[in-house]
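Take a look at the structure below.
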C-alpha cells in the first residue's frame, strides 16, 4: 500500500469537501511572528522555577549553505521529544548553534578572495532564517557560534587546562597528510586512504604536532559504556568498543643482535611464543631504520619510500600479497634462545603496540602469508585438530592444547597464557599488559579558519602557555584570499605581526604557535556552553551545568558515532576530574536518524536525483514536509523521498483543519456528558501515542493520530454531531498530539477551537483509566482456517465460555455442515479456531 493510500485509510476519507482547501503554507508567517513574540520555548535558568528540567540537543549544524533534506529529517526528529516535554509541563532547554570553524569556509574564502568569516556568517544567517521557518522549538536566546571569540576564548582556556594536566602535548611522528588541503588529518578523517573532505589520496609524513592524551582515558571510555547500554544504539556502542580496541596479553622483551636495548613486543597470545619463527618491524617505524644492517640499507630505504605512499587500509588488506625486506639482523626468542630473522614489512603498523611483532605463522594468517611468500619456517604449537598450516596455507586460529612448547605442553590456552606470563615475569623478560587500538587524538591543523592554539614558543623557555588574561588569541582580520592558500604550513605562520610576540615568561622574542585546532575540539564541549552562553567567568557556569546536564536526549547522525561522541565523552571525563562537572557521561539517550535518499541512492546533482528542501517547503509547506519525514518510517531508517507522498500529508492536514472549523460544542463543555465511544478512542489514542513517542516510534504515533481524526470525522458526520462535547475533546486532543509533528497546523487549529496560543504548552492530556478498559472486544471465529464469524464478547470471558459461544454461532454451524470437530483452539478473548475432523 502506498503512503498516500495509508494516509487515506487512516484519516477516513479521500480528498474533497470544504476542509480540503486548507493550505498549510498560509499560516506559517502568522504563527512564526506570534511565537517570536511569545517565546514559548525559552528555558528558565532560575532556581525558583519548580518545573522538572529536560535538555534536548540536536547535533551542531555546519553553515556550508542553506538547510537540506538531511537537516529537515534530523531536526524534525529531534524536535518531537522537546515538544513532548514542553507539553508535559517541563522546563526544557532546546538550544541552537553553529559549528562554524572549518576547512570549507577557508576554501570558499580563497576562491572568493575574502575572509572566511564573511562566507561563514552569511551562511549562518541564511540557515537561521530557514530554521525559524522550519519551526523547531529552539530557545534562540542561547544561540552560539564556535567561531565567535567569546566562544573560542574558552576553547583555548580548556586547551591550557589540558596542557597543565599533561593531556595536551607536542611530539613528532608520522601523520596523515592531505596534499590538496595541505593539512594533517586524524586517522578518523581518512576514509579508504583518501581525505574525507576532498577525496585526495592521503600521504604519510613526519611532523611535530599537538595531541590530546585520550589514551589515558581508554579504560574509562570503554568501561563506562555500561551506563549507556539500553539508551544508546547498540551499533554505536559496538563501533566505539571496536575503535578503542582493548586487548589483554603480555609485553615480551626481545634482544636484537647488535642493539643494546631490548625491543618490546605486545602480543595477545604469549602462549604461542615457541611458535615464533621470525620478527617483523613496521617499515615506517624508527626502529626499522635504526637496526637495519648497512648492507641492507639501500633496499630498505627504497622499500620505506614505497610504503610511505600506501594508505593504512591498503597495508592492512588481507587481499594484497605480502611485501617486506630482510633487515640483516636477528632477534633472540626469549623462551628458547632461537635466532629469528628480523624483517621490515608494511602489514605491521608503527602505531600498533610497539611497532613490532613476533610472527607465529602457524596460528596467524597474515604471518603465514608472509612466511610462505619468503619461505620462512612454520611451527605448530597449538593442536587444534586441523591440518598443518604449512601444507594447507590456512592458519589454525582456534583453541586447543599446547604442543612443541616445553613447559606449556598439554595446557589449554588460558592456563598456558598464565603460565608463560609467570615465567617471563620471573626472568624479567616480559609482563602482563593491556594494549589499545585507540591512539592519542591529533588536534593541530595547518589551516587558518580554526581556533588558534594558545601556546608561545620561546627559544629560552620552550612551550609557554598564553596567560589566561590574554585570551582569546584572536585570528587576524587582514588575511584573505590568496593569503590563505595551502603552503604546507599554516597561513598564520606568515602573519608576522600576529606571530611575533614577547615571551610571557622571560619577555624575550618568541612566536605564537601557528597551528589551529581540529574543529572536533570546538564541538566536544559546546553542549556545556548552552547552559550559560553569556557566562564570562569560565567556559560555563558550573551550577547551571549541574542543573541542566547531562543531556537527556541527543539526536544526530550515526556518522558521528566514533569521532564526535568519543571526543565529547573524553572531554566530559576530563572536566569531571577537574571538578567542574559531577557526571562522567554527557548524553543520557542517543537517537540516530537515517539518511534521506531518492530513488534508492544518496541525493546528488550529478545523479539528477537531488531534492531541494526550500522548493519542497515552498510547494507544500513546512508541516507537510515535517509530517512526511516523520511518517515515512522509524527514525533510524533511511527515507527514500521517491516513496513519500507530500500530497497525502497535505490532505490529512486539511481534514484536521476542517474538524477544528466544525466543532460546535462550547469551550467549557463537559466531555463526560459526550459520546462514550468517541471518548474511548480519544483516551486510548493518548495512552498509545504517549508510549510510542517515548519509544521513538513517531511514525506509528502519527498513524494513531490519523485514526483519531477518522473517528472524530465519523462522529461529526454520522454520530452525535459537531456539538457533542466528546467531539470537542477529541478535536482538542488530536491538536495537542499533532503539535509534536506539525506545529503550524496544530496552532491554527488550536486557535480555531477558541484556545489561547501557544498550543505547545497546552499540557499533555491524561487518559482516564476507566475509558481505557474495553467493555467489549471482537473475537474472530475460524473454521478450518477461514473466518466465519466475529463475536463481540467481554474482555474477561473464559476460554470455556468463549468456546461454547463460538460453537453456538449459526454461521459456524453452517460452515461445519454437520462435520465432526477434531479440536478447538481458543485464545480468549480474541480468537477461536475450529478444526473439523
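In our numbering, the protein residues as written are -2 to 834. Note that CB positions come from ideal geometry on N, CA and C, so glycine has one too.
DSSP bridge partner residues for residue i (one or two, in chain order)
i           : result
residue 431 : 245
residue 204 : 170
residue 460 : 454
residue 775 : 789
residue 192 : 187
residue 224 : Looking at the DSSP assignment, residue 224 forms no beta bridge with any residue, so it has no partner.
residue 767 : Answer is none; residue 767 lacks a bridge partner.
residue 336 : 329
residue 594 : 599, 637
residue 677 : Residue 677 pairs with nothing; no bridge assigned.
residue 838 : Because the chain here runs from -2 to 834, residue 838 falls outside it and cannot be looked at.
residue 159 : Bridge partners of residue 159: none, in fact.
residue 341 : 278, 322
Beta-carbon proximity list for residue i, same chain, < 6 angstroms, skipping 5 on both sides
i           : result
residue 549 : 51, 52, 585
residue 261 : 248, 250, 351
residue 177 : 195, 197
residue 245 : 431
Which listed residue (the options) has its alpha carbon closest to that of residue i
i           : options            : result
residue 505 : 456, 530, 335, 21  : 456
residue 669 : 287, 393, 768, 247 : 768
residue 426 : 75, 41, 554, 267   : 267
residue 26  : 696, 619, 304      : 619
residue 63  : 93, 39, 44, 119    : 119
residue 779 : 748, 811, 773, 113 : 811
residue 588 : 228, 447, 147, 136 : 228
residue 108 : 481, 326, 218      : 481
residue 849 : 281, 446, 422      : Any property of residue 849 remains undetermined from this structure, which presents the chain solely from -2 to 834.
residue 106 : 679, 722, 479      : 479
residue 55  : 729, 808, 70, 116  : 70
residue 364 : 182, 390, 819, 539 : 390
residue 666 : 500, 454, 729, 489 : 729
Element boundaries [alpha helix (DSSP H), containing residue i]
i           : result
residue 367 : 362 to 371
residue 617 : 610 to 617
residue 32  : 25 to 35
residue 516 : 516 to 519
residue 569 : 560 to 574
residue 83  : 66 to 84
8 angstroms CB neighbourhood of residue i in its chain, flanking five on each side removed
i           : result
residue 690 : 77, 78, 81, 698, 737
residue 696 : 627, 628, 629, 630, 631
residue 233 : 555, 558, 562, 587, 589
residue 487 : 442, 443, 444, 445, 511, 512, 513
Span of the beta strand (DSSP E), counted from its first residue to its last, around residue i
i           : result
residue 168 : 165 to 175
residue 818 : 818 to 824
residue 499 : 497 to 499
residue 325 : 321 to 329
residue 142 : 136 to 142
residue 95  : 92 to 95
residue 830 : 828 to 833
residue 577 : Unbroken run through residue 577: none, as it is neither H nor E.
residue 354 : 353 to 356
residue 123 : Run containing residue 123: none in the beta strand (DSSP E); it sits in the alpha helix (DSSP H), 113 to 131.
residue 814 : Premise fails: residue 814 is in no beta strand (DSSP E) and is neither H nor E.
Straight-line Cα distance separating residue j from residue i
i           : j           : result
residue 197 : residue 306 : 13 angstroms
residue 561 : residue 517 : 6 angstroms
residue 515 : residue 206 : 12 angstroms
residue 831 : residue 797 : 14 angstroms
residue 745 : residue 821 : 54 angstroms
residue 91  : residue 223 : 27 angstroms
residue 657 : residue 650 : 11 angstroms
residue 140 : residue 673 : 47 angstroms
residue 110 : residue 523 : 30 angstroms
residue 379 : residue 397 : 6 angstroms
residue 159 : residue 113 : 28 angstroms
residue 443 : residue 483 : 8 angstroms
residue 705 : residue 573 : 48 angstroms
residue 800 : residue 826 : 10 angstroms
residue 712 : residue 235 : 50 angstroms
residue 680 : residue 472 : 59 angstroms
Residue i: CB within 7 angstroms of a non-hydrogen atom of the ligand COA
i           : result
residue 378 : Inclusion of the ligand COA in the displayed structure is not the case, the ligand content being empty and no account of it being possible.
Cβ shell of residue i (< 7 angstroms), same chain only, five flanking positions each side left out
i           : result
residue 608 : 66, 595, 600, 638
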